Structures are given as structure tokens and as C-alpha cells.
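These protein sequences, in sequence, are chains A and B. Counting from 1 along the first sequence, just add 4 to a position and that's the residue number in the working numbering. Counting from 1 along the second sequence, just add 297 to a position and that's the residue number in the working numbering.
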Amino acid sequence: MKSLSEIDTVSKRSSRAAGYSWGIAEEVGKNIKLLEIFSLPGIKNLNDFLNSKKNIKLENLNLITEENSSNNFQYCPVIAGVNFLDQIKTLENLNEIKFKNIAYPMLFLPFVSRASEIIGKRILLKLDEKEFLMNFNNCIHSNFFKKEIIKIAESVSIKILKNEDSFTENEWKELYKLSEETFVEESESLKNSGAGAGLTDND
Amino acid sequence: MDIPLRDPNIVMKLSRLGSFHQSRLSFLRSFLKEFKDWDYKRDLFELNQNGFGTAVFSFKKKDRVYSLICFANELDENERSDRVIATKWDAAFTLFDGVPTKIDIERLKNEVPKQEFGRLSYKELTLSRANKSVRVFNHVVKSLSNGVQPDKELLAKVGYLYRTTAVYGSGKFGLADRFRIKDREEIYGPFRLEMMLVYLVRQFTFDQVNHVAKNRNPQKAVNLDPEICKSLGIGNSTGLGMAPFIVNHPTLLNNWIYAREVSLKKIREIKNAAITESNLFKDCLKKSIKNITSWNTESEYQIKKIKSLLKDLNQFILFLDNEFDFNQEYPFNKLYQHLEENYQEECVEYVVSMMMEPYESIVAPLIKEMSSEEDKYFNIPTERTVLELKTIIENKYSEILKINFKKKENNLNFWFISKNKEEPRLANRFDENGSNLEQPLAVARDIKKLYENLSVSKNNLTIAIFLSNNADLRHVVRRAFIVEKFPYSEIQDNTIGQEIVPIDMLRLKLSFFGALKFDPRSDKWLRICMFQGAPLPEQLKNYDEHWVYN
């Protein structure tokens, strides 16, 4: 089994060899490590992408907007991902961000996961019919479990979710009430010896 | 009195870093302190009469066991090489997490001797190999088998029976990643398991030499005197592999230097030194002179440095004995100021290390802060502006900005990874091919380029937008934001200039390991000795923490 350190190093060096700058190659190294930690096919997708990169025409998406539609070519997942990560603070207030035609979108995914951690919000990423819920870069919930290469996502959507409870107020109250059964009823003497007792706050 | 931390522009110069010496902070010393209460055992020793075979040594405490598995192999004389491109060694080692089963040992027997070409697993923590100092080993075997102890003078000249040529950890070749073990309290502090491996290898060398001597002459042979064992360490040949490490791990480098600088600051802030403290400082300093007078090297560069250090130290000791009054307030601050005014930086840093000796209470808490969670600082704060980044560079790289990289001598070399064993190398970019594959270790040059590009950008532009047009500078943008928080994370020197002495970078790292007697064999590799004078495993429970000077 390859260690995560080996995965990081080899991904970084191969990305550099494929023409990315060292700084971007460092990002790819960290990302592929992340994918493999989450049991997603990082090495598989990176290897296929870097090997086919010279044969497919890619467009670099530098400035991310609500609608990102490539005119002629597929978007490079690495450049689109780096810029999504870098620009996340200005993108987080958009309701939905859409992309058309991202090549090898599994390589775009870890940038979104890291963005979720940076802004402290969950992000729902849809790659065509595949859904990935990014939870602050701690874990990813998904309906995609295959260890396969995804060469393109024609329709990509990103929703930055509001920080909301996943339960009703009533469910919370019920649970809170139960938790109160660990408390002790205070006697008068205990009340008189609590913090601030016996003093007037107006002196 | 509040003494400021020393200026990174002074401390982080390569000549200063290359003048560092071992101290209480050094990893091999903190390893011994941490593991002194652990139970040491030789679990397996299946060597043939010539000393070839398998051995296992372990440290155990409660449920935790670390086992060194040693494979000693027969090696043709013409196959023995300390170069990293060697493929066979006298012995190969791995530190196993737990107690290895027979199946583990069989598996490792096929992999560990292959080193870089073998595959390890998450059960193995570190990996190493070593070659005999044939001259010394054979002399010791011959002497012991004849019933006499070896020539101490010869042993003192070399200092070890074996020297390692690499010690790997942290996920290399399939070894356990650091995340699997980083929360274990006993290994807070960098390189602790690497230190354990080297320490147990040292014991293996003594047991092996005794075993071979005994087999050669069972009637007459004697064991190597434990006092002689103690005086021997483990040698190490170190090449440029270590140099990129300190550039590639900026927060880790910061934490090492920061611990040293905070120690010095706190010691300088001591208003009144107890007599026991000042005496211990003087005692260690005086005894340590023997480590300098017994420091053998053929390197002109090092001989010059040793001579100058010895001259300075003798003069400093005279000053201490005859002129300096430890009863005055802030004595260590006064001493430090005197050092900076009167002595070379090699001497200054030597005495700084010595000043830590009496102050366990200051140094010990800092040791636990010397590791780093590097991934935490990986993301670039891209919401910040060009003006902010420019200001950081002006403040943190002021010396670097003065370098003119258009001059050939300032841009002479490039760092690359050799195809042979993937080792880092340094070469002249105007004489050698391959500078197009340069590693991102020319930090000074790239920082200067970043500054130039920032200077022609709008001040209120975000870094996110700046980076979308300057992807080639992303690696140094990351570094600049790291140095903002970690003042000692960056070498404040040109790592590709004509004047670079790469072994300064090695010296820095090796001094934190706790190495002694740096012996440069060129400007690109050196030999050192580790654990020379250290207590043997059976002596650990009650050892003198200042053993380095005894």
C-alpha cells in the first residue's frame, strides 16, 4: 500500500512535470492525498488526466462567476479548482455556481472540499447526477462509490449551504428537556452562596 | 527585563545556521530523556559465527512496544559504499510498531535489505542501513578475540563501529505516515523514532562485535568494555538530501529555531543566576572542550573553523574565570552581549547551547513545541491584498530584496532531483543540463521576482486575483504568508548563489539532531557521529543528562 506521503509527493511531481507551476502542483499533491483519504479515486483520475492532458484542449477558468460556460473547450479541473478555492470568500454569498464541461471533475472536487473548511459552510457539489456533500473538509457524503475515472462532467453545480440545524426546534426542545434531568434543584442556601449572591449590582 | 528575540535576519543567515551546535534541545538527547523509563530488551539474536543474521531489540512501556529489526548481511568489499546510490550494505534496519511476528520478520527480510527498492508497510516506522568502519570493526574483533580491549586511540579517532547512510521515516517507501502516530505522547518532538532507530543500531553494533569475537575464539574472547562502548557512537554520512528538507518544511524549521531563541531569551532574562547554575554552565563548557580537541577532520574549511572556535572558547573561559562576575544582575545577558561583541559566530552559538545546560525548566517545555502540523498553514489567505503581501516581503525579506539576481554569481546554481535514487543535488546552471527541471528551492530569487510583480500590481488587488495571473509564483506567495506568522521559517540567504556552502544547511539540521564532530568531506556531504558518550540502554534509568561532556 502506498503511504499518503508518497501519494502527495508523486502527485505533486507529476503535476509539475505535466506543466503546472510548483505552487499549483503542491495544491494537487495535497488534493490527491485528500481524495485517497476519503476513499475517492484520486490517483486513478490524476494519472488518466495527466496522460491525456496533451491530447485534449483545455480552457483555463481564471475568474469564477455564477455561470461559467466554456465556449469551445473543457475547463481544466486544476485551474478552475485553484481559482474556486482562491476566490471562495467572494463566491460564498452566491446562491448557486454553475459550470459547463469540467474535465476530470474528481480533480476539481477536493478544492471544493477545502473551500468548505475555509468558509465554515457545507457545500453541495453536483457532477451531473453524482452528488457530494462537503462537510468542512472533514468528510464527504456521496451517492458515488465507484472507483472509476470520470472524464467529464457536463453540468456542474455548487450550492453553498447556509449554516442551519438539521432538526426542528421541537426536536431540540424535547432533547433539551431530557438533558435537564441531569440537573439538581437548588435549595435556598445554595442559591445564597452562588456567584454574585448577596451583592447589589447597583453599588 | 524583556529581552527581544534575536532578529531572524541575523539568526537565519546560512553562516550562522551553519555554526549551530547540539544542545539540550537536540533530538537525540530529548529521545533519551523520554525513553529512559522504558524497558529495553534484546528479543532475538540469531547471528551466525560471522555475525550475519537477524536480531531484534525493543523498548516497551505498558502496552506500547517499539522493536528494531536488524538484518546483517555478508557484503563483498567492493560492494561497500556510503554513497546514496549503493544497493547493498553490511546491515539494514527497520523500527517496527509493536512486536513483530515470524511472518513479519520473514516479510521484512525480503524488503528491508533492499532499502529504497523494497516496500514497507504502515507497521514499520523508520528504515535505515549502515556500513561497517571495516578498519575499526576488524581491529575490535581481533583484539577482543585475543582477550584484550582494542586500541582506544584508534577508536577515538573514528568514534564508531558502523555508520548509517540514510534514515528514512514519515511514509517513505510505504512506511507509516506521521498521522498514524503523531498523537503518541512519547513521540512529541521531531525525529524521535529516527533517533530510537539509531540508538538501538548502536547497541546492535556492540552486540555483534562481541558475538563475532566470541565465535572466533570462544576460550579467550572478552566483551568490549562498557566504558569503551559508551565512548562510541554511530557514524552517519549525510549528503544534500537534508538541505531541501529544511526549505520544504518552513513551519517545522521555525519551531526548531524558535525553541532555541526562546530558550536564549529566557536565559538572558534571568536576573540572578544561582551558583549551582553558573557552576554547571562553566563545568559543561570546560568539559566540552575535549569534544573539540578530539574533533578530527581533513577538511581545511572545518579545521579552520575548529581552530578559531577553540581559540575563542579558551579566551572566553579565561574571561569567565578571571573577569566575569556571575553575582551581577542578568549575568547571561551580559555574557551574551560580550560574546556578540568579541567572538566569531561559531563560538557565540556554541556558548548559547551551553547556556541551556543548567535550565531544564526553561528548555523542557519547549521541546514539545518543536513538531509542526504543517498542513494547517498550507492554505493561502487569498482575501488579503497586494499591499499587505508587499509589506510582509519588505519586513521579512529585507536582506533578500537587496540581492541582484541578474548577476551570474547570484543565480549560478540550481537544485534538482537526480534520477539515481531521487536524491537532491546542486549544480551550476551554466555548466550542467537540467536547470529547466529546477526544484522550487531558490526561494530568495523567487521572492524577489514576486516582489517585482507585486510592485507593478494595484495595491488593493486581492491575492486571489493576483494569483490568477501569477500562478508561477504561488509557491512563494504561500511562503511569504507563512513567514509572517513564523519568523524563523525562512533561510535569509541566497541558496543558489556562488557563495553557498550547502553543508551549512546540513549542519543546521544535524545540530538539532544532536550530532557531534561534523567532518565535511566536500562542500556537499559530511560525516558526523551520534550518541558518542551516551549511556547504554541498561544505564538509561539513572543517567547523567550532561553525558555529552563527560
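Using N, Cα and C, we set each Cβ at its ideal position, and we do this for glycine too. Just so you know, these numbers come straight off a predicted model, no measurement behind them.
Item	Value
If we cut at 8 Å on Cβ distances, does B:V774 have a partner in chain A?	yes
Beta-carbon of A:N46 versus every beta-carbon of chain B: anything under 8 Å?	Per the sequence presented here, residue 46 of chain A reads as Gly, with Asn not at that position. No, no contact with chain B.
DSSP three-state call for B:V464: helix, strand or coil?	strand
Quick one: residues in its chain with C-beta nearer than 6 Å to the C-beta of B:V509, no 5 flanking neighbours on either side, listed in chain order?	G348, V438
What does B:P447 pair with, by DSSP beta-bridge criteria?	DSSP lists no partner for B:P447.
Check whether the Cβ atoms of B:I356 and B:D340 sit closer than 8 Å, and answer yes or no.	The amino acid occupying residue 356 of chain B in the given sequence is Phe; Ile does not appear at that position. Result no, Cβ atoms of B:F356 and B:D340 do not sit closer than 8 Å.
Let me see if you follow: with CB-CB separation under 8 Å, is A:N66 close to chain B or not?	yes
Please classify A:S120: does DSSP put it in a helix, a strand, or coil?	helix
Are the CB atoms of B:D820 and B:Q599 nearer to each other than 8 Å?	no
So what does DSSP say about B:D580, is it helix, strand or coil?	helix
Is A:K57 close to chain B? Criterion is C-beta to C-beta, closer than 8 Å.	no
Taking its Cβ as the centre, do 16 or more other Cβ atoms sit within 10 Å of B:E421, making it buried, or is it exposed?	buried
What are the boundary residues of the alpha helix (DSSP H) that includes B:K469?	Run containing B:K469: none; DSSP gives neither H nor E here.
Which one or two residues does DSSP pair with B:P721 in a beta bridge?	B:I714
Give a yes or no on whether 8 Å exceeds the smallest Cβ distance from B:P487 to chain A.	no
Could you check if B:M651 is buried or exposed, using at least 16 other CB atoms within 10 Å of its CB as the buried criterion?	buried
Exposed or buried, B:K602, counting other C-beta atoms within 10 Å across all chains shown (16 or more means buried)?	buried
Taking only runs of the alpha helix (DSSP H) that begin and end inside the stretch 57-94 of chain A, which ones reach a length of at least 4 residues, in chain order?	81-90
Among B:R432, B:Q412, B:P737, B:I366, which one has its Cα closest to the Cα of B:E403?	B:I366
In chain B, which residues lie less than 7 Å from A:K6 when you measure between Cβ atoms?	G471
Quick one: residues in its chain with C-beta nearer than 6 Å to the C-beta of B:S872, no 5 flanking neighbours on either side, listed in chain order?	Residue coverage of chain B in this structure runs from 298 to 847, which leaves residue 872 of chain B outside it and unanswerable.
Within the same chain, show all residues whose beta-carbon is closer than 8 Å to that of B:S754, passing over the 5 residues directly before and after it, in chain order.	V683, F763
Strictly below 8 Å CB to CB, what residues from chain B border A:K93?	T679, E680, A761
Between the C-alpha atoms of B:R303 and A:G33, what's the straight-line distance to the nearest angstrom?	35 Å
Run down chain B in chain order and give the residues with a C-beta less than 8 Å from the C-beta of A:K34.	D672, F675
From the DSSP output, which residues share a beta bridge with B:E642?	Bridge partners of B:E642: none, in fact.
I want to verify the contact list: residues of chain B whose CB lies under 7 Å from the CB of A:E30, in sequence order.	H772
To the nearest angstrom, how far is it from the Cα of B:E835 to the Cα of B:Y363?	16 Å
To the nearest angstrom, how far is the alpha carbon of B:E842 from that of B:A812?	16 Å
Only counting the same chain, and skipping five residues up and downstream in sequence, which positions put a Cβ closer than 8 Å to that of B:L757?	Going by the sequence as given, residue 757 of chain B is Asn instead of Leu. These residues qualify, in order along the chain: T682, V683, L684.
Using 8 Å as the threshold, is the C-beta distance between B:N306 and B:R377 below it?	no
Tell me, which residues are paired with B:R475 by DSSP?	Note: B:R475 sits in no beta bridge, so no partner.
Under the rule that 16 or more other beta-carbon atoms within 10 Å means buried, what is B:N318, buried or exposed?	For clarity, residue 318 of chain B is His in the given sequence; the question names Asn instead. Buried, since its Cβ has 16 or more Cβ neighbours within 10 Å.
May I have the straight-line CA-CA distance separating B:N520 from B:W844, to the nearest angstrom?	23 Å
Please report how far the alpha carbon of A:L98 lies from the alpha carbon of A:Y180, in whole angstroms.	35 Å
With respect to the beta strand (DSSP E) encompassing B:K704, which residues constitute its N-terminal and C-terminal limits?	It is not in any beta strand (DSSP E) - B:K704 carries neither H nor E in the DSSP assignment.
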